[in-house]
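Have a look at the structure below, then the notes.
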Amino acid sequence: MTEQDLSALSITDLQALLRRREVSPREVIDALRARIEAVDGEIGAYLSLDMEAAAKEADKANVDLPLGGVPVAIKDIINVMDQPCTCASKILQGYRATYDATVIRKLRAAGAIPFGKTNLDEFAMGSSTENSAIKTTRNAWDLSRVPGGSSGGSAAAVAADAAFGALGTDTGGSIRQPAALSGIVGFKPTYGRVSRFGLVAFASSLDQVGPLTKIVRDAALIMNVIAGHDPQDTTALNEPVPDYAAKLGNDLRGVRLGLAREYLIEGIDSQVKAAINAAVKQMSALGAEIVEVSLPANEYAIAVYYILATAEASANLARFDGVRYGYRAESPKDMLDLYGRTREEGFGSEVKRRIILGTYVLSSGYYDAYYLRAQKVRELIRQDFANAFKKVDAIISPTSPVPAFKLGERAADPLQMYLADVFTIAANLAGICGISVPCGFAEMDGHRLPIGLQLLGKALDEARILQIAHAYEQSTDWHKARPPIAAAVSKA
Amino acid sequence: MAKTSDLDVAYVARLARINLTEAEAKVFQKQLDDVLQYVEKLRQADISDVEPAAHALPIFNVFREDAPRDWFTAEQALSNAPRKTNGLFIVPKVVE
Numbered sequence: 075m076t077e078q079d080l081s082a083l084s085i086t087d088l089q090a091l092l093r094r095r096e097v098s099p100r101e102v103i104d105a106l107r108a109r110i111e112a113v114d115g116e117i118g119a120y121l122s123l124d125m126e127a128a129a130k131e132a133d134k135a136n137v138d139l140p141l142g143g144v145p146v147a148i149k150d151i152i153n154v155m156d157q158p159c160t161c162a163s164k165i166l167q168g169y170r171a172t173y174d175a176t177v178i179r180k181l182r183a184a185g186a187i188p189f190g191k192t193n194l195d196e197f198a199m200g201s202s203t204e205n206s207a208i209k210t211t212r213n214a215w216d217l218s219r220v221p222g223g224s225s226g227g228s229a230a231a232v233a234a235d236a237a238f239g240a241l242g243t244d245t246g247g248s249i250r251q252p253a254a255l256s257g258i259v260g261f262k263p264t265y266g267r268v269s270r271f272g273l274v275a276f277a278s279s280l281d282q283v284g285p286l287t288k289i290v291r292d293a294a295l296i297m298n299v300i301a302g303h304d305p306q307d308t309t310a311l312n313e314p315v316p317d318y319a320a321k322l323g324n325d326l327r328g329v330r331l332g333l334a335r336e337y338l339i340e341g342i343d344s345q346v347k348a349a350i351n352a353a354v355k356q357m358s359a360l361g362a363e364i365v366e367v368s369l370p371a372n373e374y375a376i377a378v379y380y381i382l383a384t385a386e387a388s389a390n391l392a393r394f395d396g397v398r399y400g401y402r403a404e405s406p407k408d409m410l411d412l413y414g415r416t417r418e419e420g421f422g423s424e425v426k427r428r429i430i431l432g433t434y435v436l437s438s439g440y441y442d443a444y445y446l447r448a449q450k451v452r453e454l455i456r457q458d459f460a461n462a463f464k465k466v467d468a469i470i471s472p473t474s475p476v477p478a479f480k481l482g483e484r485a486a487d488p489l490q491m492y493l494a495d496v497f498t499i500a501a502n503l504a505g506i507c508g509i510s511v512p513c514g515f516a517e518m519d520g521h522r523l524p525i526g527l528q529l530l531g532k533a534l535d536e537a538r539i540l541q542i543a544h545a546y547e548q549s550t551d552w553h554k555a556r557p558p559i560a561a562a563v564s565k566a
Numbered sequence: 243m244a245k246t247s248d249l250d251v252a253y254v255a256r257l258a259r260i261n262l263t264e265a266e267a268k269v270f271q272k273q274l275d276d277v278l279q280y281v282e283k284l285r286q287a288d289i290s291d292v293e294p295a296a297h298a299l300p301i302f303n304v305f306r307e308d309a310p311r312d313w314f315t316a317e318q319a320l321s322n323a324p325r326k327t328n329g330l331f332i333v334p335k336v337v338e
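Sequence lines, in order, name chains Y and F. Taking our numbering, I'd label the letters of the first sequence as residues 75 to 566. Taking our numbering, I'd label the letters of the second sequence as residues 243 to 338.
See the structure below:
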């Protein structure tokens, strides 16, 4: 098998070869390295790589462990011991992690090899990865377009076969939306299902770590390893973790899928709408029953999110003050000057905007009008989902109302960028789980652009959501399609 | 459009310890006024009988054993410091 063929494999197929001793973990790392060298100059998915350390890990890998010898890319907001953790921000330049996040510790214990850190919107604040202070990441299907965000580097790497799978984080859609725009699978677990110890916090009541992969079964394999209780994260739920991969099947008989009336909004691209309708038909043919549900408070989700997420961010990002780590402004004359200039020079525009908004909504005299009101409307959104899940097993929608947009197209108007998260944000507010799976393509300016189908499930119902997504995926060929960059390099 | 919020970007930026240029403050003022205008829609929601959701899922009183364990050495804790001396973080003088 050639190096290109190897890098194109899913984790599931790679693992089969590794366990039959048909390839060695070292050959896998070498193939991956060659692939990254071939495509990442154009894609720009990685912020740092340590292939030497990865090769050493590979040499002693035990392929019979749950993820033995499988390289996994890591969003550069999760601490990996001795590696940089930039959060794509100038304020963390030069920082090196002094410990492994719990998810990294678990991946290593399962034999996986973290080898590189992927690009993101600065501190995960954005929907296009354009807010990275370090580099531009491009969509593997059309290099003039964004990969989505904030886990855009992870999504682009997996889409371009420059990673077998990756970890991302999802605060308002940051795993699911880039997965949709890049034509791969992105899974957001229930709030608290996966430990966040060692994840740099953005919005602590919303953040969750999850996998981005080529197929649903790979996401289940990674979930098997990273899910579960962690005494170092009090929000990590102390609930048993099922074997997600073992529960996958191809049948949807008896499954009830909800279509939300409120999701038929203006502004959904017609090709996206057509792809979702076709997917609903397909799932119905597989035996699923389609039921209409109502999520009336959903229209407030974006407004609630941009109050709560910015409020939490303003508190979480107070730690970046130029004292203990990261960037510090030159020759400060006193402490206020040190803080003010360090944060002026270290943070990018979107991060500053959100800290200012978050500080404002929490400030004396405005707390009740903004923060407290938003927390109450959040409760309405949570109740909507609880009611809907009495009638259905999953709620189906587009992941994003539009396919990948052009680089620069939305960068000047933050509010327009926020509105792109309309289908993903409510899941974080309600703490439930969700997945995006490829469900078709839109044709735009001679390019095929992937479309993602979102399935939302109730809290801790990961197994069922993965099951439904897997059954749909396996009945289609969408996940087998490869972006032009893959084909171009394979021919060369 | 009428100004809908009392947000003074320059003032709040000072509270948040972020220096801004005048030009930046002006751009942010417009952009954040737009966002605050958008979130006005929350006033339409009927929240008269609703308890605020502090967390999406009910998690209460999480305890762990109060036992000593290994953690960072002073050297590790200082390894990323922009300035350090004698095992200490160095900052500008705070008291006269």
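We put the beta carbon where it would ideally sit given N, CA and C, even for glycine. Quick caveat: nothing in here was measured; it's all calculated off a predicted structure.
In chain order, Ser201 place their CB closer than 6 Å to the CB of Y/Ala494, counting only its own chain and leaving out the 5 sequence neighbours on each side. Proximity to Y/Arg291 across Y/Gly226, Y/Phe515, Y/Ile542 and Y/Ala175 peaks at Y/Ile542, based on C-alpha coordinates. Around the beta carbon of F/Arg285, fewer than 16 other beta carbons lie within 10 angstroms, which makes this residue exposed. Annotated as distal: Y/Ala240 and Y/Thr210, with beta-carbon spacing of 8 Å or more.
Straight-line spacing of the CA atoms in F/Leu274 and Y/Arg427 works out to 7 Å. Per DSSP, Y/His521 is one residue of the beta strand (DSSP E) stretching across His521 to Gly531.
At a Cβ-Cβ threshold of 8 Å, Y/Ile430 and F/Phe270 count as neighbours. Scanning chain Y for C-beta atoms nearer than 8 Å to the C-beta of F/Glu264 yields nothing, as the closest lies near 13 Å away.
As the crow flies, the alpha-carbon of Y/Leu481 is around 13 Å from that of Y/Gly118. Per DSSP, the unbroken alpha helix (DSSP H) holding Y/Val299 starts and ends at Val290 to Ile300.
Y/Asn372 and Y/Ile455 have their C-alpha atoms roughly 6 Å apart. Residue range Arg330 to Ala334 is occupied by the beta strand (DSSP E) that includes Y/Arg330. For Y/Gly227, the secondary structure class from DSSP, reduced to helix, strand or coil, is helix.
Counting of Cβ neighbours within 10 angstroms places Y/Leu410 among the exposed residues, the total staying below 16. DSSP places Y/Tyr337 within a helical segment (H, G or I) once states are collapsed to three. Measuring C-alpha to C-alpha distances from F/Lys326 to each of Y/Ala186, Y/Met491 and Y/Tyr399 identifies Y/Tyr399 as the nearest. Closest option to Y/Pro472, judged by alpha-carbon separation, among Y/Pro488, Y/Met297 and Y/Thr498: Y/Thr498.
Annotation: Y/Gln548 to Y/Thr243 spans about 26 Å, alpha carbon to alpha carbon. Unbroken beta strand (DSSP E) runs of no fewer than 3 residues, entirely contained in the segment 449-520 of chain Y, are found at 468-472 and 507-518, following chain order.
Beyond the five residues adjoining it in sequence on each side, Y/Asp325 comes within less than 8 Å, by CB distance, of Leu360, Gly361 and Ala545 in the same chain, given in chain order. Considering only beta carbons, the part of the segment 281-292 of chain F lying closer than 7 Å to chain Y consists of Val281, Lys283, Leu284, Ala287, Ile289 and Val292, in chain order.
The alpha carbon of Y/Pro316 has as its nearest neighbour, out of Y/Thr308, Y/Val329, Y/Ala301 and Y/Gly323, the alpha carbon of Y/Ala301.
By the Cβ neighbour-count rule, Y/Ile258 is buried, with 16 or more other Cβ atoms within 10 Å of its own. For Y/Ala377, the nearest beta carbon of chain F is closer than 8 Å to its own beta carbon.
Burial check for Y/Tyr265: the Cβ neighbour count within 10 Å reaches 16 or more, so the residue is buried.
Between Y/Val451 and F/Ala287, the CB-CB gap stays under 8 Å. Residues of chain F whose Cβ lies closer than 8 Å to the Cβ of Y/Phe421 are, in chain order, Ile260.
For Y/Pro145, there is no enclosing alpha helix (DSSP H); the residue is found in the beta strand (DSSP E) stretching over Pro145 to Lys149. Here the alpha carbons of Y/Gly284 and Y/Met297 stand approximately 7 Å from one another.
About 16 Å separates the beta carbon of Y/Leu194 from that of Y/Pro188, a gap too long to meet the 8 Å contact definition. Non-local beta-carbon contacts of Y/Asp307 in its own chain, meaning distances under 6 Å to residues more than five positions away in sequence, involve Ser269, Arg270 and Phe271 in chain order.
For F/Ala323, the chain Y residues whose C-beta falls within less than 7 Å of its own C-beta are Arg398 and Tyr399, listed in chain order. The beta-carbon of Y/Lys554 is placed no less than 8 Å from the nearest beta-carbon of chain F.
Annotation: the segment 364-390 of chain Y contains no complete segment of the beta strand (DSSP E) (minimum length 3 residues). For Y/Tyr169, the closest alpha carbon among the candidates Y/Arg250, Y/Gln157 and Y/Ala175 is that of Y/Gln157. The DSSP-derived three-state label of F/Ala255 is helix.
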